[in-house]
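Novice:
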Amino acid sequence: MKSIRKPTLLLVLAVWCICGHMAHAQQPVPQTMTRIHYAVKFSLYEEQQAANEDEAILDIGSKVSHFYSRNSVAREQIKDSVLAAGGSYYDVVDALGRSVYPNTRMKYQIWKNLPSRGMLTFTDTNLKRFRYTESLETPQWTLAGKDSIIADYPCQQAETFYRGRHWTVWFTPDIPVSEGPWKLHGLPGLILQAEDSEHWFSFACIEI
């Protein structure tokens, strides 16, 4: 019987751990009522020829919401699992290279109404686990009077100037939660699609 090489064994342990923890995605939403998956496209500089792409998840609980990259969180969990099993950073690189989760530039996570109602917490592992907390500023929305169907839900269009960008979004009153991707929120329904006017950032619901 062949023995399992250490990197392979660590990968098995990492995959086992990721399967057990992915449903929670390292987030403090004790009872996730709604989970939305978004296709994300974003550019980091003007000369960038092709936008970065990722899949983000928005978990909505009764009091707190959590927005994060599916791939980034999965890779963080693999890394933590390998190190917890006694592996080296070489083993981490090996395990990540074998994983099904691609590397991503979207390393940030956003919690709304954490640590308390009306507050927002932002973390970014690109900057050595950079973290800050601020007041949850609600955008001033203008309804555009347009309708559409997105992800099989009837939606209405709204616009706002928020955090230095002009945003156009589609929200559905059929899911009456005042939530959305990134820091967007404040409408009488879940935001299913959003894009800024300069096409630097876009979020499109792909699964609920």
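Numbered according to mature numbering (1 follows the signal peptide of the UniProt record, and there is no 0), the sequence shown spans residues -25 to -1, 1 to 183. Glycine included, every Cβ here is placed at the ideal spot set by N, Cα and C. Quick caveat: nothing in here was measured; it's all calculated off a predicted structure.
1) Can you find the residues in the same chain that come closer than 6 Å, C-beta to C-beta, to residue 80, ignoring five residues on each side of it along the sequence?
2) Spatial neighbours of residue 176 within its chain, please: C-beta separation below 6 Å, excluding the five flanking residues on both sides.
3) In angstroms with no decimal places, state the Cα-to-Cα distance between residue 87 and residue 140.
4) With distances taken from CA atoms, which of 165, 94 and 170 is nearest residue 33?
5) Going by C-alpha to C-alpha distance, which of 173, 115 and 150 sits closest to residue 8?
6) Helix, strand or coil for residue 122 per DSSP?
7) What's the C-alpha gap between residue 129 and residue 167?
8) Look up residue 70 in the DSSP assignment and say whether it is helix, strand or coil.
9) With which residues is residue 11 paired in a DSSP beta bridge?
10) Does the distance from the C-beta atom of residue 95 to that of residue 38 stay below 8 Å?
11) Return yes when the Cβ of residue 30 is within less than 8 Å of the Cβ of residue 12, no when it is not.
12) Rounded C-beta distance between residue 83 and residue 114? I'm assuming under 8 Å.
13) Secondary structure at residue -2, three-state DSSP: helix, strand or coil?
14) Quick check: what's the CA-CA separation for residue 43 versus residue 120?
15) Return the CA-CA distance between residue 118 and residue 142, expressed in angstroms with no decimal places.
16) Of all the options 61, 50 and 64, which has the alpha carbon lying nearest to the alpha carbon of residue 184?
17) Looking only at DSSP bridge pairs, what is residue 144 linked to?
18) Output needed for residue 134: all residues of its chain with C-beta closer than 6 Å, excluding positions within five of it in sequence on either side, in chain order.
19) Return helix, strand or coil for residue 91, following the three-state DSSP convention.
20) For residue 112, count neighbouring C-beta atoms within 10 Å of its own C-beta (all shown protein chains included) and say buried if the count is 16 or more, exposed if not.
21) Between 21, 10, 59 and 14, which has its C-alpha nearest residue 173's C-alpha?
Specialist: Per the coordinate set shown:
1) As a position in the sequence shown, residue 80 is number 105, starting the count at 1. Hits under 6 Å: 27.
2) Here the question's residue 176 lines up with position 201 in the sequence shown. If we look at residue 176 and ignore the five residues flanking it on each side, its Cβ neighbours are 17.
3) For this step, residue 87 is matched to residue 112 along the sequence shown. For this step, residue 140 is matched to residue 165 along the sequence shown. Approximately 20 Å, taken between the alpha carbons.
4) Taking the sequence shown and counting its residues from 1, the one referred to as residue 33 is at position 58. Out of 165, 94 and 170, 165 has the C-alpha closest to the C-alpha of residue 33.
5) For this step, residue 8 is matched to residue 33 along the sequence shown. Nearest of 173, 115 and 150 to residue 8, Cα basis: 150.
6) The sequence position of residue 122 within the sequence shown is 147, counting from 1. Note: residue 122 maps to strand in three-state DSSP.
7) Within the sequence shown, residue 129 is the residue found at index 154, counting from 1. Within the sequence shown, residue 167 is the residue found at index 192, counting from 1. Rounded to the nearest angstrom, the two C-alpha atoms are 10 Å apart.
8) By one-based count along the sequence shown, residue 70 stands at place 95. It is helical.
9) Taking the first residue of the sequence shown as position 1, residue 11 is located at position 36. DSSP output for residue 11 lists 33 as bridge partner(s).
10) The residue you call residue 95 lines up with position 120 of the sequence shown. The residue you call residue 38 lines up with position 63 of the sequence shown. Cβ atoms of residue 95 and residue 38: not closer than 8 Å.
11) Mapped onto the sequence shown, residue 12 falls at position 37. Mapped onto the sequence shown, residue 30 falls at position 55. Between residue 12 and residue 30, the CB-CB gap stays under 8 Å.
12) Taking the sequence shown and counting its residues from 1, the one referred to as residue 83 is at position 108. Taking the sequence shown and counting its residues from 1, the one referred to as residue 114 is at position 139. Contact doesn't hold; Cβ gap of about 19 Å is too wide.
13) As a working mapping, residue -2 is identified with position 24 in the sequence shown. Reliability of the predicted coordinates at residue -2 is poor, the pLDDT of 41 falling under 50, and the value obtained from them is presented with this limitation in mind. Coil, per DSSP.
14) Within the sequence shown, the letter at position 68 stands for residue 43. Within the sequence shown, the letter at position 145 stands for residue 120. Roughly 31 Å between the two C-alpha positions.
15) Locating residue 118 in the sequence shown gives position 143, counting from the first residue. Locating residue 142 in the sequence shown gives position 167, counting from the first residue. Rounded to whole angstroms, residue 118 to residue 142 spans 12 Å at the Cα level.
16) There is simply no residue 184 to check, as the chain begins at -25 and stops at 183 in what is shown.
17) Here residue 144 refers to the residue found at position 169 when the sequence shown is read from its first residue. According to DSSP, residue 144 bridges with 133 and 169.
18) In the sequence shown, counting from the first residue as 1, residue 134 sits at position 159. Counting only Cβ-Cβ distances below 6 Å, and skipping sequence neighbours, we find 117, 119 and 143.
19) Working through the sequence shown from its first residue, we reach residue 91 at position 116. Shown here, residue 91 sits in coil according to DSSP, grouped into three states, outside any helix or strand.
20) For the purposes of this step, residue 112 is taken as residue 137 along the sequence shown, with counting starting at 1. With fewer than 16 Cβ atoms within 10 Å of its Cβ, residue 112 is classed as exposed.
21) As a working note, residue 173 is residue 198 in the sequence shown. Of 21, 10, 59 and 14, the residue nearest in Cα terms is 21.
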